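Everything in the sequence shown is counted per the working numbering, starting at 11 for the first residue and increasing by one. Note that the Cβ used here is the ideal one computed from N, Cα and C, for glycine as well. These numbers come from a predicted model, not from an experiment.
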Amino acid sequence: MSAISETAQSGKFRFPTAFTILFGLIVFVAALTWIIPAGQYERVINPALEREVPVAGTYAPTDPNPQGIFEVIMAPIAGFYDPATNEANAIDVALFVLVIGGFIGVVASTGAINAGIGRAMTALKGREKWMIPVLMALFAFGGTTYGMAEETLAFYVLLIPIMIAAGYDAVTAVAIILLGAGVGVLGSTVNAFATVIASDAAGVPFTRGMTLRLIILGLTWLACVAYVMRYAERVRRDPTKSIVYDRKAENEAHFLSGQQEGTLAFTGMHKIVLAIFGATFVVMVWGVLRGGWWMGEMSGLFLAAAILIGLIARPGEENFVNAFLNGARDLLGVALIIGLARGIVVIMDAGRISDTILHWAELSVAGLGEIAFINVIYWIEVLMSFFVPSSSGLAVLSMPILAPVADFANVGRELVVTAYQSANGLVNLINPTFAVVMGALAIGRVPYERWLRFMWPLLIILTVIIMASLSIATLIS
């Protein structure tokens, strides 16, 4: 009640929360199912992908299935799992987030994070800015190799206090992780969830077009690093330049609570806890790259690591359980956002308009010249990425249709793959339907509209780099 009164008295517009934005998108997409004609492509099983893919030229109208109030209400639930078949949707990602939260809670309860922050700040005094390119390179490596996305959610709680203590702000920390991993996905090279799946669906080896992707990765990474470093230095010199300056005291109290500069001892137990903390992420990366792990195995890993830390720190059974539950509770909102975001795709598929939108895209590129074609493909993928943020989902949905169309425009299919992954990677830096973006902003306490304000100049820079690279590559090929 007080928040409502405060808003009314100030007379200022307050941008809706992530929950309101996402639920509003569910309602909007449900309304579209009453307007956009329903249709479907014929689908065949692709043995390499082990899933059904649409067949070009087979689109046909089908009986509409407009989504009503009941479906809108059920969409967030169906975003977690399909109530009709009990098949999982985003429930595994949400559970992973909760287990990560519990793991972080256990680590934080030992005091190791606060002690480690103090030691790191002492060691990096005067050189904190060089953490930015190094960390962004590491996250970009994860993005370009295996599509690092949900896995980054665990890093925000660790990095944000470090950057705030160094004189920067929460936006700087969020940008290091979100842009670092995001630009890696944008310039995917061997990412099985984007490049490999898309290339296979397009009928070309994923190694074709590698040079162009490396160039895009390098150029966009440099642009992001320069942009973040420039912003961070401006905030360090003048904190009022921060786009979340009005939350400075609140964020410092939230992220640096319990830290007393110069008084925290960095004990042997703290070192062991942080070593286990770091080793857990190394094992996670190995498991994803080599062990075929995904959300279930990663959740088990962090649960086991939390128990191991509890055995070493010996806080007592009740304190351990409370620390785990409190940590999970901190990320409960993030877990709910993930299911809500997936509900948008559920409504589109159930309303049978996903294939219709794809068919319109197929018709729009017919008869274009080479450069015009590849850039139109790029913008089609940009638009579709807002509705299908999943890199693998968009690859399977769009590549079997749009890649064959490239043959008629005398454009290599590998360029269509590059246009797709660049577009999807770019959009997923700001996409409100992408749970990683909304989750990261929720953890960092950065309002969505302020993230857009921070990002729009960089989006223009990245778009110019991508379109120029695609156009030059089309001319050369």
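Per DSSP, what are the beta-bridge partners of residue i in this structure?
i	result
Ala-98	Tyr-91
Gly-49	Pro-71
Pro-64	Arg-53
Secondary structure at residue i, three-state DSSP: helix, strand or coil?
i	result
Ala-70	strand
Ile-55	strand
Pro-467	helix
Pro-76	coil
Ala-309	Reading off the sequence, residue 309 comes out as Ser, not Ala. Here Ser-309 sits in helix by DSSP.
Val-398	coil
Val-574	Since the first residue shown for the chain is 11 and the last is 487, residue 574 is missing from the structure and cannot be characterised.
Pro-325	coil
Phe-287	helix
Tyr-430	helix
Asp-340	helix
Asp-365	helix
Ala-118	helix
When we look at the beta-carbon of residue i and count the other beta-carbons within 10 Å, is it buried (16 or more) or exposed?
i	result
Asn-96	exposed
Trp-466	exposed
Glu-372	buried
Leu-321	exposed
Asn-201	buried
Gly-288	exposed
Ala-147	exposed
Leu-232	exposed
Gly-78	exposed
Gly-34	exposed
Gly-326	exposed
Going by alpha carbons, who is nearest to residue i out of the options?
i	options	result
Val-181	Lys-251, Gly-153 and Met-158	Lys-251
Thr-120	Asp-359, Glu-161 and Thr-277	Thr-277
Ala-236	Leu-472, Gly-288, His-369 and Ile-486	Leu-472
Tyr-166	Val-82, Gly-190, Phe-151 and Glu-52	Gly-190
Gly-67	Trp-303, Tyr-51 and Ala-483	Tyr-51
Ile-381	Phe-396, Pro-171 and Ile-486	Ile-486
Ile-286	Leu-222, Gly-111 and Leu-318	Leu-318
Thr-30	Gly-343, Ile-282 and Ser-400	Gly-343
Val-446	Asp-365, Lys-281 and Leu-188	Leu-188
Ala-100	Gln-77, Pro-399 and Val-39	Pro-399
Pro-505	Val-117, Asp-92, Asp-359 and Phe-265	A question about residue 505 goes unanswered here, because the residues of the chain that appear run from 11 up to 487.
Thr-428	Pro-47, Pro-64 and Leu-222	Leu-222
Ser-267	Ala-125, Thr-72 and Ala-338	Ala-125
Comparing the CB of residue i with every heavy atom of the ligand GTP, is any distance shorter than 7 Å?
i	result
Glu-328	Absence of the ligand GTP from the depicted structure is noted, as is the absence of any ligand whatsoever, leaving it without description.
ask   = Is the region 426-436 in contact with the region 238-248, if contact means three or more CB pairs nearer than 8 Å?
value = no
ask   = Would you call the region 352-364 and the region 140-147 touching, i.e. three or more CB-CB distances under 8 Å?
value = no
ask   = Are the region 413-423 and the region 448-460 touching by the rule of at least three beta carbon pairs closer than 8 Å?
value = no
message = Under 8 Å, with one C-beta from each stretch per pair, do the region 208-227 and the region 168-181 reach the 3-pair mark?
response = no
request  = Give a yes or no on contact between the region 256-265 and the region 148-157, applying the rule of three or more CB pairs nearer than 8 Å.
outcome  = no
message = Does the structure place the region 101-111 close enough to the region 302-316 that three or more beta carbon pairs sit under 8 Å?
response = yes
ask   = How about the region 86-95 and the region 326-341: do they share at least three Cβ pairs that are nearer than 8 Å?
value = no
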